[in-house]
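Visitor: I have a structure here, written as structure tokens, and I will follow up with some questions on it.
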Amino acid sequence: MSNVILSTNKLCKTFSNGGMQQHVLKNLDIEIYEGDFTVIMGSSGAGKSTLLYALSGMDKPTLGSVRFFDEEIAKQSNDMLAVFRRKNCGFVFQQMFLLDNMSILDNILASGLLVSKDRKSITARAKDLLTQVGLTEVIWRKFPSQLSGGEVQRAAIVRALINQPKVVFADEPTGSLNSAAGKAVLDVLTEANNNGQSMIMVTHDLKSARRGNRILYMRDGVIHGVCDLGKYVSGDKERHDKLQAFLAEMGW
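Structure below.
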């Protein structure tokens, strides 16, 4: 069995809303394995994104612990968490958050140079990754506002991968894309996973979910079911049928 890269113990997250307590995560005990492509599914409000942010150190839990290998991260200071994320995590969201006053290439270099001062090496890696995702040199020099949504999303994935993070967190990365651009994004994430990087992705999309080898289904702040699909193979109908049967059982 693979090493456990992230784990939680009695993880809880509560929000106050107009004097009422909303319990979004409820005593979660989960393990995420190194090298897996883990997909988190469930209806809106189930706690999927909240769990993603807690696992990545972007949000602190109300109670419980989050461990990265043997390191407790939930109680670290904000400065320590920022360093942890910079060294170990990559992020891909629906909203790409690229800086509008910088070119696509400079956006990626700015992220890479936070970790490594070897500009030559970072630039070479950035150009190689941009080429892999189908973005040509003409696009590298453009600003985010000059590109399509699919092009910006692929650039955001390069930014997430530039520092070779141990874990990539993706929150509905194809939600605002057409089918062709969405497939391109999923292909890049799948290739990164095949190269050993751990993926944790929240999605409502069945095509996206099929890329995962392990599906966690959430309902009302707890994990209601787990489905192991094995490594992704394109066109595997048995995989598709197994996932659909699991989701039907979960009431999706």
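Under the UniProt record's numbering, the first residue of the sequence shown carries the number 1, and numbering increases by one thereafter. The beta carbon of each residue, even a glycine, is placed where N, CA and C say it ideally should be.
(1) Buried or exposed: where does Gln153 fall if 16 or more other Cβ atoms within 10 Å of its Cβ makes it buried?
(2) For Phe93 versus Pro165, is the C-beta distance shorter than 9 Å?
(3) Among Leu114, Leu98, Asn213 and His240, which residue has its Cα nearest to the Cα of Arg85?
(4) Please list, in chain order, all residues of the same chain as Glu238 whose beta carbon is under 6 Å from its beta carbon, the five residues on each side excluded.
(5) So Asp228 is in the beta strand (DSSP E); what residue range does that whole segment cover?
(6) Could you check which residue in Val24, Leu6, Ser2 and Ile5 has the C-alpha nearest to that of Val222?
(7) Tell me the DSSP bridge mates of Leu113?
(8) Across the stretch 35-48 and the stretch 195-203, are there enough close Cβ pairs to call them in contact, namely three or more that are closer than 8 Å?
(9) To which residues of the same chain is Thr123 closer than 7 Å at the C-beta, ignoring the five residues directly before and after it?
(10) So, using beta-carbon positions, are Tyr217 and Gly225 closer together than 9 Å?
(11) Name the two residues that bound the continuous alpha helix (DSSP H) containing His240.
(12) What distance in whole Å lies between the Cβ atoms of Thr190 and Val39, which are believed to be in contact at a cut-off of 8 Å?
(13) Just to confirm the assignment, what range does the alpha helix (DSSP H) spanning Gln132 have?
(14) Below 8 Å, how does it come out for the stretch 55-72 and the stretch 7-21: are there three or more Cβ pairs, yes or no?
(15) Enumerated in chain order, which unbroken segments of the beta strand (DSSP E) with a length of 3 residues or greater are wholly contained in the stretch 168-213?
(16) Can you pull the DSSP bridge partners for Ile5?
(17) Excluding the 5 residues preceding and the 5 following Ala245 in the sequence, name in chain order all residues of the same chain whose CB lies nearer than 8 Å to its CB.
(18) Note down, one range per segment and in chain order, each alpha helix (DSSP H) of at least 4 residues found wholly within the stretch 55-94.
(19) Indicate the three-state DSSP secondary structure (helix, strand or coil) for Val24 in the structure shown.
(20) Look at Asp220 and Lys26 and say whether their C-beta atoms are less than 9 Å apart.
(21) Using a Cβ-Cβ cutoff of less than 6 Å, which residues in the same chain neighbour Asp171 once the five nearest sequence positions on both sides are dropped?
(22) Tell me, to the nearest whole angstrom, how far the beta carbon of Leu177 is from that of Gly150; I am working on the premise that it is less than 8 Å.
(23) Let me know if Val185 comes out buried or exposed under the rule of 16 or more other beta-carbons within 10 Å of its beta-carbon.
(24) Spell out the partners DSSP gives Ile40 in its beta bridges.
(25) Between the C-alpha atoms of Val167 and Arg141, what's the straight-line distance to the nearest angstrom?
(26) With a cut-off of 8 Å on the beta carbons, I'd call Phe143 and Ser103 a contact; round off their distance for me.
Guide: By the coordinates alone:
(1) Here residue 153 corresponds to residue number 153 of the sequence shown, with the count starting at 1. Buried.
(2) As a position in the sequence shown, residue 93 is number 93, starting the count at 1. As a position in the sequence shown, residue 165 is number 165, starting the count at 1. The answer is no: Cβ separation not under 9 Å.
(3) Working through the sequence shown from its first residue, we reach residue 85 at position 85. When only C-alpha atoms are compared, the closest one is Leu114.
(4) Working through the sequence shown from its first residue, we reach residue 238 at position 238. Answer for Glu238: no residue qualifies.
(5) As a first step, residue 228 must be located in the sequence shown, where it is residue number 228. Segment Val222 to Asp228, the beta strand (DSSP E) holding Asp228.
(6) Numbered from 1 along the sequence shown, position 222 holds the residue referred to as residue 222. Here the closest residue by C-alpha is Val24.
(7) Locating residue 113 in the sequence shown gives position 113, counting from the first residue. Looking at the DSSP assignment, Leu113 forms no beta bridge with any residue, so it has no partner.
(8) yes
(9) Within the sequence shown, residue 123 is the residue found at index 123, counting from 1. So the qualifying residues of the chain are Leu109.
(10) Translated into the one-based positions of the sequence shown, residue 217 becomes position 217. Translated into the one-based positions of the sequence shown, residue 225 becomes position 225. Against a cut-off of 9 Å, the Cβ pair of Gly225 and Tyr217 comes out as a contact.
(11) On the sequence shown, position 240 is the one that residue 240 refers to. It spans Lys237 to Met250 - the alpha helix (DSSP H) in which His240 sits, taken as one unbroken run.
(12) If you number the sequence shown from 1, residue 39 lands on position 39. If you number the sequence shown from 1, residue 190 lands on position 190. In fact, because the Cβ distance is near 12 Å, the residues do not count as touching under 8 Å.
(13) Numbered from 1 along the sequence shown, position 132 holds the residue referred to as residue 132. Here the alpha helix (DSSP H) through Gln132 covers Arg119 to Gln132.
(14) yes
(15) 198-202
(16) The residue labelled residue 5 in the question sits at position 5 within the sequence shown. DSSP output for Ile5 lists no bridge partner at all.
(17) Working through the sequence shown from its first residue, we reach residue 245 at position 245. None.
(18) 78-88
(19) Mapped onto the sequence shown, residue 24 falls at position 24. Shown here, Val24 sits in a strand according to DSSP, grouped into three states.
(20) Here the question's residue 220 lines up with position 220 in the sequence shown. Here the question's residue 26 lines up with position 26 in the sequence shown. In contact: Asp220 and Lys26 (Cβ atoms closer than 9 Å).
(21) Residue numbering aside, residue 171 sits at position 171 when the sequence shown is read from its first letter. So the list reads Ser49, Leu52, Phe93 and Val202, once near-sequence residues are dropped.
(22) Counted from its first residue, the sequence shown places residue 177 at position 177. Counted from its first residue, the sequence shown places residue 150 at position 150. Rounded, the Cβ-Cβ distance is 5 Å, consistent with contact.
(23) Working through the sequence shown from its first residue, we reach residue 185 at position 185. By the 10 Å Cβ count, Val185 comes out buried.
(24) Mapped onto the sequence shown, residue 40 falls at position 40. DSSP lists Val202 and Leu216 as the beta-bridge partner residues of Ile40.
(25) In the sequence shown, the residue the question calls residue 167 occupies position 167. In the sequence shown, the residue the question calls residue 141 occupies position 141. Their Cα atoms are separated by approximately 28 Å.
(26) Mapped onto the sequence shown, residue 143 falls at position 143. Mapped onto the sequence shown, residue 103 falls at position 103. Indeed, because the Cβ distance is near 6 Å, the residues count as touching under 8 Å.
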